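Chemist: Sending over a structure as structure tokens; questions will come in a sec.
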Amino acid sequence: MKKNLTDYSRGYLFWQNAVQEEDWRTALDSLIQSLREILVFDNLAIFIIDKDGETSEIAYARAVGREKDAEADASWGEEIAVRVIESEEIILQAPEKTGKQKKRRDEAYLIGLPLKASGKIIGALSLIRFGGPDYTKEHIDLTNLAAGVIAYIFEKRALQETITKLEAIQRQMQLQDDFVSTISHELRTPLGFIKGYSTTLLREDTEWDEETQREFLTIIDEETDHLTELISNVLDSARLESNTAEMNFQPVRVDVVIRDVLTRISSHQKDLEINFNTQDCGYIPGDSAMLTQIFENLFSNALKYAPNTPIDIEIDQSHEDHLRIVFADHGAGIPKDHLPFIFDRFYRVPDVPNAAGTGLGLFICKQIIKAHHGKMWAESEEGQGTRFIIQLPVK
Ligand code: ADP
Numbered sequence: 010m011k012k013n014l015t016d017y018s019r020g021y022l023f024w025q026n027a028v029q030e031e032d033w034r035t036a037l038d039s040l041i042q043s044l045r046e047i048l049v050f051d052n053l054a055i056f057i058i059d060k061d062g063e064t065s066e067i068a069y070a071r072a073v074g075r076e077k078d079a080e081a082d083a084s085w086g087e088e089i090a091v092r093v094i095e096s097e098e099i100i101l102q103a104p105e106k107t108g109k110q111k112k113r114r115d116e117a118y119l120i121g122l123p124l125k126a127s128g129k130i131i132g133a134l135s136l137i138r139f140g141g142p143d144y145t146k147e148h149i150d151l152t153n154l155a156a157g158v159i160a161y162i163f164e165k166r167a168l169q170e171t172i173t174k175l176e177a178i179q180r181q182m183q184l185q186d187d188f189v190s191t192i193s194h195e196l197r198t199p200l201g202f203i204k205g206y207s208t209t210l211l212r213e214d215t216e217w218d219e220e221t222q223r224e225f226l227t228i229i230d231e232e233t234d235h236l237t238e239l240i241s242n243v244l245d246s247a248r249l250e251s252n253t254a255e256m257n258f259q260p261v262r263v264d265v266v267i268r269d270v271l272t273r274i275s276s277h278q279k280d281l282e283i284n285f286n287t288q289d290c291g292y293i294p295g296d297s298a299m300l301t302q303i304f305e306n307l308f309s310n311a312l313k314y315a316p317n318t319p320i321d322i323e324i325d326q327s328h329e330d331h332l333r334i335v336f337a338d339h340g341a342g343i344p345k346d347h348l349p350f351i352f353d354r355f356y357r358v359p360d361v362p363n364a365a366g367t368g369l370g371l372f373i374c375k376q377i378i379k380a381h382h383g384k385m386w387a388e389s390e391e392g393q394g395t396r397f398i399i400q401l402p403v404k
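For the sequence shown, the tail end lands on 404 under the numbering used here, and the numbers increase by one without skipping.
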């Protein structure tokens, strides 16, 4: 023992502090430091049994003594840890007494202790002390106390991981619930128009002049397109989610894809200001219909969420292995709290005025980019606008 037994209570207080740390690594660092203040050891390693219960993995290793070079290598502790996990007992291992003078490094005194949580073994703690002395009963009690706290820290870590997973599932379920009401509304609105205008046209008691008939039929036609688009979005997102979407890879020029979409959009939106200056792009492997869908989505979002602001599109061809496309608007932007989720299926930023939608568009975009082995993300500054960045591999 380095210090006298009054340090027991001091050490215990340290451990209590360790337990209160939020992050498990900080908790362990703090615990091991306090243990080291009252007990001599050189290295410490923690092994935790895998979820499958078959193998144990090193979860933490720390060298605190003079033999610090051993920090990275925790293999010294593995064998004793395996024996401890098997027997669920404390195991001591002292060097053989040969009478010959040995180097301190070769005189390894090991102790292995089971880590138990809720009555079940979850791993083992191994300590090594070079050059002795033997572990006394007090040392063993102290390390066993530390093992109890360590097991608690790991159990808390496992619990936190489970909570995070459950929260993600809960969020997804909430989104699906919201989606059902959104989609019913989104389907009913065009259907209502189609039904209303066709019933009106079919009324036998009224004669409609040709101009009115044309006007009604145009509405029916547009709403049918809207409905078709909605249904194909739902189907696409389901196919992309389950990896069953058929991709037709061919050499494509992204600048041509964007220009085609742009021409179509500009013909409906005469006042739209678009800055798209790019040199001719090289061909990359891609599914041109799918890539078209991405830019249609980005334009449609910019029109909905950043109306009457210019759109800047840039293609950066300076990277050897990928094209980088930046699509930026100058609208209200996306609040920081929501930005991480906008690519989630069904996710919609709440309380955005005048914006119909299903929360599928960006999910579809990202899945398409993923299928192209690329990356897509967004950056946004509230009040300044949103930038969507896409990276597509050139080979
Ligand atoms: P939808 O438009 O059908 O809601 P998306 O998946 O396309 O679904 O977009 C998800 C959410 O991201 C939108 O509901 C909107 O709140 C936000 N968003 C998307 N694009 C922009 C943009 N350019 N500016 C601000 N917010 C945007």
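Positions of the beta carbon are idealized from the N, C-alpha and C atoms, including for glycine. Here the structure is a predicted model, which is why all the values come from computation and not from measurement.
Compute every distance between the C-beta of Val270 and the non-hydrogen atoms of the ligand ADP, then say whether any falls below 7 Å.
Modeler: No, since every heavy atom of the ligand ADP falls outside the 7 Å radius drawn around the Cβ of Val270.
Chemist: Compute the minimum distance between the beta carbon of Phe304 and the heavy atoms of the ligand ADP, and state whether it is under 7 Å.
Modeler: Phe304: no, Cβ never under 7 Å from the ligand ADP.
Chemist: Starting from Ile398, trace the beta strand (DSSP E) both ways and give me its first and last residue.
Modeler: It spans 394-402 - the beta strand (DSSP E) in which Ile398 sits, taken as one unbroken run.
Chemist: Does the Cβ of Pro344 have 16 or more other Cβ atoms within 10 Å, making it buried, or fewer, making it exposed?
Modeler: Per the 10 Å Cβ criterion, exposed.
Chemist: If the criterion is Cβ atoms closer than 8 Å, does the pair Ile320 and Ile334 meet it?
Modeler: Their beta carbons are not under 8 Å apart, which means Ile320 does not touch Ile334 by this criterion.
Chemist: By how many angstroms is the C-alpha of Arg354 removed from the C-alpha of Thr367?
Modeler: Rounded to whole angstroms, Thr367 to Arg354 spans 9 Å at the Cα level.
Chemist: Rounded to the nearest angstrom, what separates Ile149 and Arg166 at their Cα positions?
Modeler: If I take the Cα positions, the gap works out to 25 Å.
Chemist: Do you know offhand how far Asp51's Cα is from Ala72's?
Modeler: Between Asp51 and Ala72, the C-alpha separation is close to 6 Å.
Chemist: If we count the other Cβ atoms within 10 Å of its Cβ and call it buried at 16 or more, is Met256 buried or exposed?
Modeler: Answer is exposed; the Cβ neighbour count stays below 16.
Chemist: When burial is assigned at 16 or more other CB atoms within 10 Å of the CB, is His381 buried or exposed?
Modeler: Under this definition His381 is a buried residue.
Chemist: Tell me the DSSP secondary structure of Ile57 in three-state form.
Modeler: Three-state DSSP puts Ile57 in a strand.
Chemist: The alpha helix (DSSP H) that contains Leu40, what's its start and end?
Modeler: Where Leu40 is concerned, the enclosing alpha helix (DSSP H) stretches over 33-47.
Chemist: Considering only heavy atoms of the ligand ADP, does any lie closer than 7 Å to the CB of Leu244?
Modeler: Result no, Cβ not under 7 Å from the ligand ADP.
Chemist: From this set, Asp186, Tyr118, Gly291, Asp143, which residue's C-alpha is nearest Val403's C-alpha?
Modeler: Closest option to Val403, Cα to Cα, is Gly291.
Chemist: Tell me Leu124's beta-bridge partners as DSSP assigns them.
Modeler: DSSP, once it has assigned bridges, lists Gly132 as partnering Leu124.
Chemist: What does the alpha-carbon distance come out to for the pair Glu219 and Asn317?
Modeler: Approximately 35 Å, taken between the alpha carbons.
Chemist: Identify the continuous beta strand (DSSP E) that holds Ile343 and give its terminal residues.
Modeler: First-last for Ile343: undefined, no H or E at that position.
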